[in-house]
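Every number in my numbering is 20 more than the matching position in the sequence shown, counting from 1.
Glycine is no exception: its CB is placed at the ideal position from the N, C-alpha and C atoms.
Note that this is a predicted model, so its numbers are computed, not measured.
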Amino acid sequence: MIISIYGKVPTNPQDKDLIVLLLEDLSAQGIDVLVWKPFYDAIKDLITHIKGIETFTKKSEIDKHSKILFSLGGDGTMLDTLDYVIGTDIAVIGINLGHLGFLTTAGRSDIKTIVKEIVAENYTIEKRPVLKPEYSFDCSGREFAFNEVCFLSTNRGSVVDLEVFINDKYASTFCGDGLIIATPTGSTAYSMSAGGPIITPDSRCLCVTPIAPHNLTFRPIIISDDDVVKVRIPDTEDPCKMLVDGYAIFDRTQGEITIRKSRYSWNLVRLKNQDFFFSIRNKLMWGQTPKFLTGNL
21 MIISIYGKVP TNPQDKDLIV LLLEDLSAQG IDVLVWKPFY DAIKDLITHI KGIETFTKKS
81 EIDKHSKILF SLGGDGTMLD TLDYVIGTDI AVIGINLGHL GFLTTAGRSD IKTIVKEIVA
141 ENYTIEKRPV LKPEYSFDCS GREFAFNEVC FLSTNRGSVV DLEVFINDKY ASTFCGDGLI
201 IATPTGSTAY SMSAGGPIIT PDSRCLCVTP IAPHNLTFRP IIISDDDVVK VRIPDTEDPC
261 KMLVDGYAIF DRTQGEITIR KSRYSWNLVR LKNQDFFFSI RNKLMWGQTP KFLTGNL
């Protein structure tokens, strides 16, 4: 078995110790490891006693060898792995070294358990949908969105008008701070903060969520994930910003963007004793009574 490891360059000494522990455990199980080179360069002086570690810098170097990729960091780190695994059968397992880590499978204290479960193949793989934006103009940047595609006003205090079409049928012109088109996975990210619903990962749908709409009748709407969303930025003086999973793609005063479900999916590893409702109860405190109501501040 070969396992790939990707992560943000660690600066916390405790995180470095945990990473060394993970690599030692993998080595003890006879597992060969491919490590993202910038990450490896940051820790190589700590792992000189561990043999058989190779490095990678691009997707083609892990696609033919590894079926599991460990993401060490938070949700942002996991989203960055999409560039390395999209279009492959590689499944990502997240170990949270950040804060909330909603997408991650385990935390710092679970490293030994995770290795044992992976070796024993005591896990399932969830196939999560990915969005593919297409542009009526030349544009470069992130090709796929795992959480959401977002449109925002770049002029603080001003609203942005966005003409929205569903399957080429005019839906409405959304007026407000912006608009989010989110996958079920992305429903617990920016969309939720903007008032959108929590959606279970296996729901075959997308959520169109207005951000601070100028007209209060604009509410989040659920559509099929087979639907194609077209967003038209009308000719305006104030540019509109588009972000894909939080990464800025452009500022434009006009243009047309088509958003559809990609033919690719993102494979996530889930241990068999975990489920979606466990995650939202424990990480989002879903359904729990606020401490100020119980007197346990």
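Original post:
So, are the CB atoms of Gly206 and Phe270 less than 9 Å apart?
Top reply: Sequence index remark: in the sequence shown, residue 206 carries index 186 (1-based). Sequence index remark: in the sequence shown, residue 270 carries index 250 (1-based). In this structure, Phe270 does not lie closer than 9 Å to Gly206 by Cβ.
Original post:
Can you round the beta-carbon distance between Thr202 and Glu146 to whole angstroms, since I take them to be within the 8 Å contact cut?
Top reply: Taking the sequence shown and counting its residues from 1, one reaches residue 202 at position 182. Taking the sequence shown and counting its residues from 1, one reaches residue 146 at position 126. Residue identity differs from the one stated: residue 202 is Ala in this sequence, not Thr. So it is not a contact: roughly 17 Å between Cβ atoms.
Original post:
At which residues does the beta strand (DSSP E) containing Arg252 begin and terminate?
Top reply: The sequence position of residue 252 within the sequence shown is 232, counting from 1. Here the beta strand (DSSP E) through Arg252 covers Val249 to Ile253.
**OP:** Would you mind sorting Ser178 into buried or exposed? The rule is 16 or more other CB atoms within 10 Å of its CB.
**Re:** The residue you call residue 178 lines up with position 158 of the sequence shown. So Ser178 ends up on the exposed side.
Original post:
Would you call the CB atoms of Lys57 and Thr77 closer than 9 Å?
Top reply: Your numbering for residue 57 matches position 37 in the sequence shown. Your numbering for residue 77 matches position 57 in the sequence shown. Contact flag set, yes.
Original post:
Does the distance from the C-beta atom of Ser86 to that of Leu54 stay below 9 Å?
Top reply: Here residue 86 corresponds to residue number 66 of the sequence shown, with the count starting at 1. Here residue 54 corresponds to residue number 34 of the sequence shown, with the count starting at 1. A contact, by the Cβ cut-off of 9 Å.
Original post:
DSSP state of Ile134, grouped into three classes?
Top reply: Stepping through the sequence shown from its first residue, residue 134 is reached at position 114. Three-state DSSP puts Ile134 in a helix.
**OP:** Using three-state DSSP, classify Pro153 as helix, strand or coil.
**Re:** Locating residue 153 in the sequence shown gives position 133, where the first residue counts as 1. In the structure shown, Pro153 sits in a strand (DSSP, three-state: E or B).
**OP:** Measure the Cβ-Cβ separation of Ile200 and Thr208 and say whether it is below 9 Å.
**Re:** Within the sequence shown, residue 200 is the residue found at index 180, counting from 1. Within the sequence shown, residue 208 is the residue found at index 188, counting from 1. For Ile200 and Thr208, no; Cβs fall outside 9 Å.
**OP:** Figure out for me which residue from Tyr284, Ile277, Pro221 and Thr309 has the closest Cα to the Cα of Asp295.
**Re:** As a position in the sequence shown, residue 295 is number 275, starting the count at 1. Nearest of Tyr284, Ile277, Pro221 and Thr309 to Asp295, Cα basis: Pro221.
Subject >> Distance CB(Ile106)-CB(Tyr284) smaller than 9 Å >> reply: Along the sequence shown, read from residue 1 onward, the residue named residue 106 stands at position 86. Along the sequence shown, read from residue 1 onward, the residue named residue 284 stands at position 264. Yes, they are a contact pair.
Original post:
Skipping 5 residues on each side, what residues in its chain have a beta carbon closer than 6 Å to that of Ile241?
Top reply: Taking the sequence shown and counting its residues from 1, the one referred to as residue 241 is at position 221. Closer than 6 Å at the Cβ level, and outside the excluded window around Ile241, lie Val228.
Original post:
If you draw a straight line from the C-alpha of Asn175 to the C-alpha of Ser244, how long is it?
Top reply: Working through the sequence shown from its first residue, we reach residue 175 at position 155. Working through the sequence shown from its first residue, we reach residue 244 at position 224. Using only the alpha carbons, I get a separation of about 32 Å.
**OP:** Give the DSSP bridge partners of Gly93, in chain order.
**Re:** In the sequence shown, counting from the first residue as 1, residue 93 sits at position 73. Answer is Asn116.
Original post:
Anyone know if the C-beta pair for Pro230 and Gly196 falls short of 9 Å?
Top reply: Position 210 of the sequence shown holds residue 230. Position 176 of the sequence shown holds residue 196. It is a contact, given that the beta carbons lie within the stated cut-off.
Original post:
Should Leu99 and Gly266 be called a contact, given that it needs their Cβ atoms to be closer than 9 Å?
Top reply: Looking up residue 99 in the sequence shown gives position 79. Looking up residue 266 in the sequence shown gives position 246. Yes; because the gap between Cβ atoms is below 9 Å, this pair is in contact.
Subject >> DSSP state of Asn302 mapped onto helix, strand, coil >> reply: Along the sequence shown, read from residue 1 onward, the residue named residue 302 stands at position 282. Asn302 falls in the helix class under three-state DSSP.
Original post:
Which residue from Ser223, Thr125, Glu74 and Tyr104 puts its Cα closest to that of Gly298?
Top reply: On the sequence shown, residue 298 is found 278 positions in, with the first residue counted as 1. This sequence places Phe at residue 298; Gly is not what is there. Nearest option by C-alpha distance: Thr125.
Subject >> Rounded separation between Ile14 and Ile88 - CA only >> reply: Nothing about residue 14 can be reported from this structure: the residues present for the chain run from 21 to 317 only.
Subject >> Sequence-distant residues of its chain with Cβ nearer than 6 Å to Met305 (five each side left out) >> reply: Taking the sequence shown and counting its residues from 1, the one referred to as residue 305 is at position 285. Answer for Met305: no residue qualifies.
Original post:
If we ignore side chains and look at the alpha-carbon of each, how far apart do Pro259 and Glu141 end up?
Top reply: Within the sequence shown, numbered from 1, the residue matching residue 259 stands at position 239. Within the sequence shown, numbered from 1, the residue matching residue 141 stands at position 121. Distance between the alpha carbons of Pro259 and Glu141 is about 50 Å.
Original post:
To which residues does DSSP link Tyr26 through a beta bridge?
Top reply: The sequence position of residue 26 within the sequence shown is 6, counting from 1. For Tyr26, which the question treats as bridged, DSSP gives the partners Ser91.
Original post:
Whole alpha helix (DSSP H) runs in the region 181-215 with 4 or more residues, listed along the chain?
Top reply: 210-213
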